[in-house]
Amino acid sequence: MRAFTFSSVPLDPERHRAELADPGAGGYASFEGWVRDHNEGRRVERLEYEAFEALAVKEGERIVADAMARFGVSRAACVHRVGSLDIGDLAVWVGVSSAHRGEAFAACRYIIDEVKHRVPIWKKEHYTDGDSGWVNCERCAAAAHDHDHDHDHAHAPAGSGSAFEHDYSRQVALPEVGAAGQAKLAAASVLVVGAGGLGVPVLQYLVAAGVGRIGILDGDHIEASNLHRQPLYGIADVGRAKAEVAAARLAMLNRDAQVDAIAAHATRDNIDELVAGYDLVVECTDNFRAKFLVNDAVVRAGKPAVFASVHQYEGQLQLYRPQPDWPCLRCLWPTAPRDGLVGNCAEAGVLGPVPATLGAMQAMQVLQLILGLHAGASSALVMVDLLTLETRRVSARRDPDCSHVLGASTDAPDAAPVELAFTTLTAAVESGFELVDIREAWERGFDPPHASIPLHLPLSDLVNGRVQFPAQGRYLVICAHGVRSLSLTEHLRSLGQSEVYSLRGGLAALRC
Amino acid sequence: MIDVHVQYFAVLRERAGLSQETVATAAATAAELYEELATRHPFNLPRSMLRVAINDEFADWSRPLGAGDRIVFIPPVAGG
Chain A
1 MRAFTFSSVP
11 LDPERHRAEL
21 ADPGAGGYAS
31 FEGWVRDHNE
41 GRRVERLEYE
51 AFEALAVKEG
61 ERIVADAMAR
71 FGVSRAACVH
81 RVGSLDIGDL
91 AVWVGVSSAH
101 RGEAFAACRY
111 IIDEVKHRVP
121 IWKKEHYTDG
131 DSGWVNCERC
141 AAAAHDHDHD
151 HDHAHAPAGS
161 GSAFEHDYSR
171 QVALPEVGAA
181 GQAKLAAASV
191 LVVGAGGLGV
201 PVLQYLVAAG
211 VGRIGILDGD
221 HIEASNLHRQ
231 PLYGIADVGR
241 AKAEVAAARL
251 AMLNRDAQVD
261 AIAAHATRDN
271 IDELVAGYDL
281 VVECTDNFRA
291 KFLVNDAVVR
301 AGKPAVFASV
311 HQYEGQLQLY
321 RPQPDWPCLR
331 CLWPTAPRDG
341 LVGNCAEAGV
351 LGPVPATLGA
361 MQAMQVLQLI
371 LGLHAGASSA
381 LVMVDLLTLE
391 TRRVSARRDP
401 DCSHVLGAST
411 DAPDAAPVEL
421 AFTTLTAAVE
431 SGFELVDIRE
441 AWERGFDPPH
451 ASIPLHLPLS
461 DLVNGRVQFP
471 AQGRYLVICA
481 HGVRSLSLTE
491 HLRSLGQSEV
501 YSLRGGLAAL
511 RC
Chain B
513 MIDVHVQYFA
523 VLRERAGLSQ
533 ETVATAAATA
543 AELYEELATR
553 HPFNLPRSML
563 RVAINDEFAD
573 WSRPLGAGDR
583 IVFIPPVAGG
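Keeping their order, the protein sequence lines are chains A and B.
All residue numbers for the first sequence refer to the working numbering, where the first residue is 1 and numbers rise by one.
All residue numbers for the second sequence refer to the working numbering, where the first residue is 513 and numbers rise by one.
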């Protein structure tokens with residue numbers, strides 16, 4: 001049966017129930033909504049349901065799909081009545097079959113709650129005193145009408161062009177914000193680089209606050225391992241382009257924001273043009289390469305930026321403002337650290353609220369920058385420990401020798417390509433490369449198909465000098481995703497070794 | 513010998529197995545102190561990759577240490 005339907009004739013729960021039968025199901029839960037004879041103290045005689053069906057069916061199907069994905073149930077469906085109903089009639093039916101009862105109950109509850117909340121359905125009650133009124137249309141209530149609702153309903157259903165005005169009253173009420181501040185937010189544009197653990201809260205709060213235009217730069221696809229700290233995404237999104245899913249979700253949050261999905265990684269070729277298109281930049285990636293790329297681009301463009309990073313239970317936050325005395329990321333870290341040498345989320349582990357906290361702090365910094373609330377603006381590196389709740393500010397000063405201060409170009413010319421793409425390892429060997437696996441031993445254990453690359457030099461051993469990278473030869477450096485191999489290859493190139501390349505995208509990018 | 517208060521962050525905290533300690537040291541500078549501590553803790557980051565803050569301010573590695581200084585070794589962090 002279809003996941004969500006409307007019916008203008010009485011519902012037959014026995015028939016719907018039979019359609020959910022599944023040999024793998026150990027249980028079935030259903031909910032029936034009935035027409036009752038009273039509401040808010042008035043006697044009700046009958047009622048009418050009306051729906052904007054094209055939109056409502058789509059939203060209803062989405063709810064049922066969400067529930068199935070979220071709770072892992074085998075089948076689920078919802079049928080809603082439209083038309084005229086009498087007391088005791090069945091108004092809405094939800095059914096779920098599942099291997100176990102817990103998920104069935106939970107999914108059933110989820111579906112009816114979401115349908116009541118999200119699906120544009122209007123109910124007109126006819127009272128015993130002959131009066132009637134439209135009630136319980138939450139979407140209309142949300143639209144902040146200032147007249148009462150005791151009349152025949154004449155509003156256009158949501159989604160058909162009626163103006164939904166986002167309500168910013170709770171932030172406009174702040175004396176420092178006001179209508180003028182809200183107008184500044186609406187006029188602002190922000191580029192968010194990375195839509196992961198940090199980027200998700202940044203995006204949610206900036207969109208919700210009414211920032212006028214937001215770019216999402218992220219070339220990744222959603223992975224199952226992202227969900228614990230990136231709850232903007234759901235199970236059904238795994239494998240989809242992060243920037244696009246994020247843009248779609250955010251569009252549901254606030255229609256005032258123009259959200260540009262840019263499904264690409266930050267590169268030397270695209271970053272300057274992208275930065276030029278926005279007022280300020282929020283750096284939310286998980287790698288040094290992107291952080292320094294963004295740093296150099298905002299320094300060149302003279303735009304403010306908010307940086308953050310996390311490691312396990314700790315985070316670091318740094319604000320950059322285009323002022324002569326302000327330190328940039330390179331003033332603190334003159335030698336850009338190489339990825340893979342200091343843990344990232346994949347290697348070190350992280351709890352979701354850690355990037356969420358740092359991301360919320362970034363969003364706060366952005367709003368402050370736009371609104372001109374500079375009281376707290378400081379060039380200090382802020383270090384937050386979420387285990388102890390201690391915050392430490394370390395004053396940073398501009399480094400007079402920093403390339404950004406000296407005005408030197410930080411845009412190093414591209415040398416010979418460092419990365420090469422192959423679809424199979426055999427193709428690489430046939431092209432004359434000797435393969436070097438720099439993954440740790442435990443990683444090889446989890447990946448039997450690729451555990452047999454003969455030259456195995458774990459990165460940790462290379463970093464600690466326990467093994468040396470061979471000086472002579474033509475090598476293709478390999479790791480799981482191509483990040484560590486790229487770092488090592490760039491490092492070897494900087495030492496003068498020219499015949500060394502990194503496998504682009506790592507083993508994950510191979511065809512088999 | 514002077515007593516200084518040392519704090520570790522991120523990967524250094526993991527390697528040291530503690531987040532802070534008070535150390536009696538003969539080290540004259542932050543650089544010497546780090547090299548000394550690296551013999552006691554299995555640090556895997558060379559000093560060149562770190563920054564040091566003394567009394568809540570980024571400092572040069574060559575800055576002389578004083579009794580009671582609060583020293584923080586800060587590794588760069590990239591997770592997100």
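In this text, a Cβ means the ideal position worked out from N, Cα and C, and glycines have one as well.
Keep in mind that this is a model prediction, so the values were computed, not measured.
Query, Result
"I'd like to know if the region 92 to 99 of chain A and the region 107 to 117 of chain A are in contact, where contact means that at least 3 CB-CB pairs between them fall below 8 Å.", "yes"
"For A:Val-306, which residues in the same chain have their Cβ closer than 8 Å to its Cβ, ignoring the five residues on either side in sequence?", "Leu-280, Val-281, Val-282, Glu-283, Leu-317, Gln-318, Leu-319, Tyr-320, Gln-362, Gln-365, Val-366 and Leu-369"
"Quick check: what's the CA-CA separation for A:Ile-111 versus A:Val-64?", "6 Å"
"Note down the Cα distance separating B:Gln-532 from A:Pro-175, rounded to an integer number of angstroms.", "42 Å"
"Establish whether the CB of B:Pro-588 and some CB of chain A are separated by less than 7 Å.", "yes"
"Chain B beta carbons: is any one of them nearer than 7 Å to that of A:Val-9?", "no"
"Could you check how far apart the C-beta atoms of A:Val-202 and A:Val-211 are, in whole angstroms? I think they sit under 8 Å.", "That pair is no contact at about 10 Å."
"Is A:Arg-15 helix, strand or coil by DSSP?", "helix"
"Quick one: what's B:Pro-480 bridged to in DSSP?", "Beyond the ends of chain B as shown, which are 513 and 592, falls residue 480 of chain B; an answer cannot be given."
"Run through the DSSP bridge pairs and tell me what A:Thr-128 is partnered with.", "None, per the DSSP bridge assignment."
"Helix, strand or coil for A:Phe-307? Go by DSSP, reduced to three states.", "strand"
"So, with DSSP's three-state summary, where would you put B:Gly-591?", "strand"
"Mind the definition here: the region 468 to 482 of chain A touches the region 426 to 436 of chain A only if three or more C-beta pairs lie below 8 Å; say whether that holds.", "yes"
"Is the shortest distance between the beta-carbon of A:Val-202 and the beta-carbons of chain B less than 7 Å?", "no"
"To which residues of the same chain is A:Ser-7 closer than 8 Å at the C-beta, ignoring the five residues directly before and after it?", "Val-79, His-80, Arg-81 and Val-82"
"Helix, strand or coil for A:Leu-185, going by three-state DSSP, please let me know.", "helix"
"Can you give the Cα-Cα distance for A:Thr-357 and A:Thr-391, rounded to whole angstroms?", "12 Å"
"Should B:Glu-569 be flagged as near chain A, meaning a C-beta pair shorter than 7 Å?", "yes"
"Kindly give me the distance between the Cβ atoms of B:Ala-542 and B:Ile-566, rounded to whole angstroms, as I take these residues to be in contact under 8 Å.", "6 Å"
"Out of A:Leu-227, A:Ala-187, A:Val-207 and A:Phe-31, point me to the one whose CA is closest to A:Asp-167's CA.", "A:Val-207"
"Counting Cβ pairs closer than 8 Å, one from the region 216 to 235 of chain A and one from the region 248 to 266 of chain A, do we hit at least three?", "yes"
"Provide the residue(s) that pair with A:Asp-385 in DSSP beta bridges, ordered along the chain.", "A:Glu-314 and A:Glu-390"
"Establish whether the CB of A:Phe-288 and some CB of chain B are separated by less than 7 Å.", "yes"
"Contact between the region 298 to 314 of chain A and the region 496 to 511 of chain A is defined here as three or more beta-carbon pairs at a separation below 8 Å; is this criterion met?", "no"
"For A:Val-310 and chain B, any beta-carbon pair shorter than 7 Å?", "yes"
"To the nearest angstrom, how far is the alpha carbon of A:Leu-185 from that of A:Leu-227?", "29 Å"
"List the residues of chain B whose Cβ lies closer than 7 Å to the Cβ of A:Cys-328, in chain order.", "Correct list: empty, because the minimum Cβ distance to chain B is about 13 Å."
"Going by beta-carbon coordinates alone, are A:Val-394 and A:Leu-381 separated by less than 7 Å?", "yes"
"Can you tell me whether A:Ala-415 is buried or exposed, with buried defined as 16 or more other CB within 10 angstroms of its CB?", "Low local confidence applies: a pLDDT of 43 at A:Ala-415 is under 50, so the model's placement there is unreliable, with the coordinate-based value given in what follows. Classification of A:Ala-415: exposed, given that the 10 Å Cβ count is below 16."
"Counting only beta-carbon atoms, is B:Ala-565 nearer than 7 Å to chain A?", "yes"
"Hey, is the region 257 to 264 of chain A in contact with the region 321 to 340 of chain A, meaning 3+ C-beta pairs nearer than 8 Å?", "no"
"Taking 7 Å as the threshold (C-beta atoms), are A:Ser-309 and B:Val-589 in contact?", "yes"
"Does any residue of chain A bring its CB to less than 7 Å from the CB of B:Leu-591?", "Note on identity: in this sequence residue 591 of chain B is Gly, with Leu being the wrong assignment. True, the Cβ-Cβ gap to chain A drops below 7 Å."
"Check whether the Cβ of A:Cys-108 lies closer than 7 Å to any Cβ atom in chain B.", "no"
"Bridge partners for A:Arg-43 per DSSP, in chain order?", "A:His-38"
"Against chain B, does A:Thr-410 count as a neighbour if the rule is that its beta carbon must be under 7 Å from one of theirs?", "Note that A:Thr-410 scores 44 on pLDDT, short of 50, meaning its location in the model is unreliable; the coordinates nonetheless yield the value given after this. False, the Cβ-Cβ gap to chain B never drops below 7 Å."
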